[in-house]
Structure formats: structure tokens, C-alpha cells
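Colleague: Okay, handing you the structure first.
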């Protein structure tokens, strides 16, 4: 298989369509907003096969959405620029000591895909930077600590003098590290940055579609980033989300993971941040 081709395994489309269809009647007179984020790239290396394939896949799915639901939905495309070099797994979470320089310029391969798409207007594409998101995440955590947010707790300093800001991950009591803290200096971790990113996305969508109140964030990622984005989605729901009803009736994050550059599907993860009474959090393996 030529890796430059659009990935052909689309068996998850129906799951995504059903998630969206389940929310169409929440507010029938207002369009449901669907944000599709793909094309993730590191400016130090340019667009790899995953960036190109995931963006092409998002465009294909967007086309399917329009065909099926028409004016009942609005689609927004976006790209998160990996200018921090985040590396997050089950046992480690690191940020590159020398983040890449970026001016939000897109690689030519990405620009070419955008130029051939009838769905995407270049000036309406949302671009986000991990580097600037990091600063907002730190400020948000500071505010949460100031008001004494019950969703996070601070562990007393260890031998290195650093406090740890923890967030409850699940009902079994498992926690994840959002940030280290030494005096007034925060060492934010990947879940905190991604949690802030998803709230930034929701803020932009709400700003653009202020009358709508149902939002779906669908994010394509490589399987090696699973911990980073799924913990980030949970951090968004528990800590970083700034919206509540009636301004936002329903908001969810669905992460799609590729197991390799050819676009073979590994799994989906669906996190419901704000839901109707009948909605619930689901995880689809």
C-alpha cells in the first residue's frame, strides 16, 4: 500500500455518525457543531504520513457528514501544531527542552491537501499551538488552586521540593499528574496542556457559533499519543472546561487512534464533558 494514499479503513465512521445523530434533537432549531482536528505535525520535521493521511481522512468524514445531515450541522476543521515536542506515555510525560520555532506556517503538503478540498476555507481553518496552550494551562491551574477546586489536589513537596498537582482519573481512585510546582514555577504535563487545548477549541467554536449549544470535538491521533490525549480529554471534562448549561448543552471529545501511518484503526475513545440527562461517557475499544 502506498502510504501517501488516503487510508481506506473507515469502519469507525458509523460510530461517529451515531454519536452525532444522538445529539441532533437536543436543540432541533440550532445546528450541531462538529470540529474535526487532524494533520497534527511538528514544525521541526514537517508533515509526515500520519499528518497527511489523518487530514485526508477528516475531510472524507466531513464530506460524509454533510451528505447525511446537511444544514443540521456545521463543520470546522483545525490543526494542533506540535511545537513543544510533547512525549507522554503511561510512565513518562516530558516536554522537549528546546521547543520548535513556529509562526503557524503550514507545510506545503498540508497546504496542498487544503487547497484541493471543497470543504475547507483556508481563512476559516483553526490553528492551535501547544506552546501558547501551555501558558494558558498554567494560568488556568493557578486560578483553580486559588479558588480551591475540589477536582484537583496538591501533594506536599517531595525530596526535590516540588509539589504535585493531581487529578482524579476514574472511580477506582487512580490519579494523574497535571503539573509539578516549585514555589511559583509550574511544570505543566501533557494532560494539562491537552485539557486546556480542548477548552480552547470549545471557546473558539462557541465564539463562532454563539447560538449553538451542542459541540463535538473529534481528534485524530497516533496510538503513541493515546495517554496524552485521553488523559487530556478527562482533564478537560474535570478541570479545564469553563462552560456550563445553558450556554453549552452538550460537549464531547472523541479521540481516533491510528496504529500506523497507513491509517489502520486501533481504537476510539469518547469523553462526554457536558451532556444531556440521557448522555453518558463511553469508551469504545
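In the working numbering, the protein residues as written are 1 to 285.
The beta carbon of each residue, even a glycine, is placed where N, CA and C say it ideally should be.
These numbers were taken from a predicted model, which means no experiment stands behind them.
Could you name the residues of the same chain whose beta carbon sits closer than 8 Å to that of residue 162, not counting the 5 residues immediately before and after it, in chain order?
Modeller: If we look at residue 162 and ignore the five residues flanking it on each side, its Cβ neighbours are 180, 181, 182 and 187.
Colleague: Under DSSP, the alpha helix (DSSP H) around residue 348 begins and ends at which residues?
Modeller: Outside the displayed span of the chain (1 to 285) sits residue 348, for which this structure offers no information.
Colleague: Name the one or two DSSP bridge partners that residue 167 has.
Modeller: According to DSSP, residue 167 bridges with 152 and 176.
Colleague: For the beta strand (DSSP E) containing residue 129, name the first residue and the last one.
Modeller: Element bounds for residue 129: 126-129.
Colleague: Should residue 46 be labelled buried (16 or more other beta-carbon atoms within 10 Å of its own) or exposed?
Modeller: So residue 46 ends up on the exposed side.
Colleague: Please tell me whether residue 129 and residue 193 are closer than 8 Å, where the distance is taken between their beta carbons.
Modeller: It is not a contact, given that the beta carbons lie outside the stated cut-off.
Colleague: Give the straight-line distance between the Cα atoms of residue 231 and residue 152, rounded to the nearest whole angstrom.
Modeller: Approximately 14 Å between the Cα atoms of the pair.
Colleague: Roughly how many angstroms separate the alpha carbons of residue 222 and residue 258, rounded to a whole number?
Modeller: Using only the alpha carbons, I get a separation of about 5 Å.
Colleague: Would you tell me roughly how many angstroms separate the C-alpha atoms of residue 61 and residue 242, rounded to the nearest one?
Modeller: About 28 Å.
Colleague: In chain order, what residues of the same chain have a beta carbon less than 8 Å from the beta carbon of residue 144, not counting five sequence neighbours either side?
Modeller: Result list for residue 144: 151, 152 and 239, in chain order.
Colleague: To which residues of the same chain is residue 112 closer than 6 Å at the C-beta, ignoring the five residues directly before and after it?
Modeller: Closer than 6 Å at the Cβ level, and outside the excluded window around residue 112, lies no residue.
Colleague: With distances taken Cα to Cα, identify the nearest neighbour of residue 176 among 76, 135 and 154.
Modeller: Comparing Cα-Cα distances from residue 176 to each of 76, 135 and 154, the minimum goes to 154.
Colleague: Put residue 181 into one of helix, strand or coil per three-state DSSP.
Modeller: Three-state result, residue 181: strand.
Colleague: Can you tell me which of the three DSSP states residue 186 falls into?
Modeller: Residue state, collapsed to three classes: strand.
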